[in-house]
Amino acid sequence: MFSRNRKGGDKRGGRGTEEMELELPVPMPVPVACEREPPHDREDEQENEGDVATTSSSSQHPHNNDQQQQHEEEGEGQVQGQGADEENQVGGSNSNSNANGKGHDGNTKHNGREGGAASGKDTLSSSSSGGREGRKEEREKPVRRYVGWPGNEKFFCGGHCVTGPFYWGIVGTAVLILIPCTVFVALVAFPLYSELENGVVLLVFSFALVALAMSSLFCSGCMDPGIIPRSPPPANQGHIPRTRNVEVNGHMVVVRYNETCNFYQPPRAHHCSVLNDCIERFDHYCPWVGTTIGKRNYRFYLIFVFSSSILSIFTFACSAYLVKLRADEAETSVIEAMRKEPAAMFVMAYVFIGFWFVGGLSFFHIYLLSKNQTTYENIRYSYDRNYTNPYNRGCLRNWAEVFCVRVKERNCDFSAKVDSTMKDII
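Be aware that the sequence shown starts at 349, since it is given in our numbering, and climbs by one per residue.
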């Protein structure tokens, strides 16, 4: 690695001087993973640079005297010894640099593999923990109480509207009312309005009856009839008596244990097989309304039945009066008057058929209301023949009990938010 050349013709002393030129070692490539060179490599390069500087200075200032040549010959051995020491030192430093670079590169790769594995484990653990947290949040997310309700009811408007499983019955009933009423208002009421002095009263009354019938229909069909929430099953359900006696207004009443709802049914309550829930003061299930009639919607059901009966009578009377007006015209018979007003004849025929249903239902519920009976009690118990009705308080009080009291609050707020286990109301 080192070479020494002798040159003659020294300018100063005229003697040949020995010039030592150093051939620097080729620097080893720095590993990619190393950001800094080892400090001992820099020291070796500084020493080599110093040797080169010394050699160049000696070549630029030669001595011609024999004394200097003699001194240099004497120091030749020392220079050789120093050169060998320097060569060994440089070689050792380079080998150490290579070893350190390889070791550092190996450590970098090993650390990289360990870091990749650790980051992979961290990613898996974070993803799994994130999944568990997401599932936990999903389980703890509050939902409406009607979600997962065991009954057969249908819920709308966030649980505020409750109907039966065959809720399209109320839609059909509304159509059966609106079609003849539309024909009546357009082709009977407005002609009478133009011919009568107080025709505006007739129009107002017509619209009021239709609005009352439709509003009471949807109130009774989209209202909680009095659903009683179920209780958790007891541990000793097999040892519970099937019936027990309770006192109501001084009379003993038998109540039964409901195995589906896990409680003794309150007096006048009954388990509706259509809704699959216990209904407070159960009356009957009405397919025309699409739900069960109970304590909370019985008032609106009666208003619907009574207003429909009155509407039938009113439309029939107005249609007949219009036909009479046409028959009173000159040279017009009753048959010709009927031909002139086909819409009036259609309304009369339609409401005549319908009145047998709503009219008969109205009279039946007037009787039940006066006796403070439900449809179910009248069919099952026959209080008038076999038993004393413990709920009869007199005709006026019985009517006041239905129409003059505030509607009872719901036993279960289906619109309330609960946790996923449906235990704690929020």
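C-beta: ideal position from N, C-alpha, C; glycine also.
Small disclaimer: the values here were computed from a predicted structure and weren't measured.
*From what residue to what residue does the beta strand (DSSP E) around I633 run?*
The sequence given here has Tyr at residue 633, not Ile. Where Y633 is concerned, the enclosing beta strand (DSSP E) stretches over H632 to C634.
*Does any CB atom of chain C fall closer than 8 Å to the CB of L650?*
Given the protein chain composition of this structure (a single chain), no chain C is represented.
*State yes or no: is the C-beta of L550 within less than 8 Å of the C-beta of Y541?*
Result yes, Cβ atoms of L550 and Y541 sit closer than 8 Å.
*Return the bridge partner residues of L611 from the DSSP annotation.*
Looking at the sequence shown, residue 611 is not Leu but Phe. F611 pairs with N606.
_On a Cα-Cα basis, can you pick out the residue from S655, E689 and R728 that is closest to L709?_
Measuring from the Cα of L709, the nearest candidate turns out to be S655.
*So what's C567 in DSSP terms, helix, strand or just coil?*
Secondary structure of C567 (DSSP, three-state): helix.
*Spell out the partners DSSP gives V510 in its beta bridges.*
BP columns for V510 point to F503.
*Among R578, K643 and H618, which one has its Cα closest to the Cα of R754?*
Out of R578, K643 and H618, the CA that lies nearest to the CA of R754 is found in K643.
*Looking only at C-alpha atoms, which of I714, I627, S660 and P615 sits nearest to N737?*
Of I714, I627, S660 and P615, the residue nearest in Cα terms is P615.
*Cα separation between M571 and R687?*
Whole-angstrom Cα-Cα distance: 44 Å.
_Residues near A675 by beta carbon distance below 6 Å, same chain, minus five either side_ = Excluding residues within five positions, the ones whose Cβ falls inside 6 Å are V682 and A685.
*Would DSSP call R741 helix, strand or coil?*
Assignment of R741 by DSSP, reduced to helix, strand and coil, places it in the coil class.
*Using beta-carbon positions only, say whether S582 and I588 come within less than 8 Å of one another.*
The sequence as given places Pro at residue 582; Ser does not occur at that position. Yes, they are a contact pair.
*asked:* Within 10 Å of its beta-carbon, does F648 have 16 or more other beta-carbons around it, so buried, or fewer, so exposed?
replied: Buried, because 16 or more other Cβ atoms sit within 10 Å of the Cβ of F648.
*State whether the stretch 545-561 contacts the stretch 608-622, with contact taken as three or more CB pairs (one from each stretch) at a distance under 8 Å.*
No contact exists between the stretch 545-561 and the stretch 608-622.
*What does a CB cutoff of less than 6 Å around T723 pick up in its chain, not counting 5 residues either side in sequence?*
Cβ within range, chain order: D631 and H632.
*Buried/exposed call for R504, threshold 16 Cβ in 10 Å*: Going by the sequence as given, residue 504 is Phe instead of Arg. Burial state of F504 is exposed, judged by a 10 Å Cβ sphere holding fewer than 16 other Cβ atoms.
_Sheet register partners of V601 (DSSP bridge)_ = Paired residues: V594.
*Taking C-alpha atoms, which residue in C529, G569, I661 and R629 lies nearest to F705?*
Of C529, G569, I661 and R629, the residue nearest in Cα terms is I661.
*Taking the alpha-carbon positions, what's the E595 to V603 distance?*
About 10 Å.
*In the DSSP assignment, find the alpha helix (DSSP H) that holds I651 and state where it starts and stops.*
Here the alpha helix (DSSP H) through I651 covers Y646 to A675.
_N-terminal and C-terminal residue of the beta strand (DSSP E) that H618 is part of_ = That run of the beta strand (DSSP E) goes H618 to C620.
*Any idea what DSSP makes of I588, helix, strand or coil?*
In this structure, I588 counts as coil in the three-state DSSP scheme.
_Taking the alpha carbon of C760 as the reference point, which residue from A559, R578 and I527 has its own alpha carbon closest?_
Measuring C-alpha to C-alpha distances from C760 to each of A559, R578 and I527 identifies R578 as the nearest.
*Give a yes or no on whether the C-beta atoms belonging to G512 and G598 are separated by under 8 Å.*
Going by C-beta atoms, G512 is not nearer than 8 Å to G598.
*Could you check which residue in F664, V491, E689 and I658 has the C-alpha nearest to that of L673?*
E689 is the residue among F664, V491, E689 and I658 whose C-alpha sits nearest the C-alpha of L673.
*asked:* Could you check whether N500 and L659 sit closer than 8 Å to each other, using their CB atoms as the reference points?
replied: No, these two residues do not count as a Cβ contact at 8 Å.
*Whole-angstrom distance between T680 and C509, CA atom to CA atom*: Their backbone Cα atoms lie some 53 Å apart in a straight line.
*For L717, which residues from the same chain have a beta carbon less than 8 Å from its beta carbon, with the 5 sequence-adjacent residues on both sides left out?*
Same-chain partners within the cutoff: L650, N746, W747 and V750.
*In three-state DSSP terms, what is K765?*
Looking at K765 - three-state DSSP - the assignment turns out to be strand.
*DSSP state of C752, grouped into three classes?*
Correct three-state label for C752: coil.
*asked:* Considering just the uninterrupted stretch of the beta strand (DSSP E) at T530, what are its terminal residues?
replied: Run containing T530: none in the beta strand (DSSP E); it sits in the alpha helix (DSSP H), W516 to F532.
*For the beta strand (DSSP E) containing T680, list its first residue and its last residue.*
No beta strand (DSSP E) holds T680; DSSP gives it neither H nor E.
*So C529 packs on V558, CB below 8 Å; how close in whole Å?*
That pair is a contact at about 5 Å.
*Would you kindly work out how many angstroms separate the C-alpha atoms of P573 and S564, rounded to a whole number?*
Distance between P573 and S564, taken at the CA atoms: about 14 Å.
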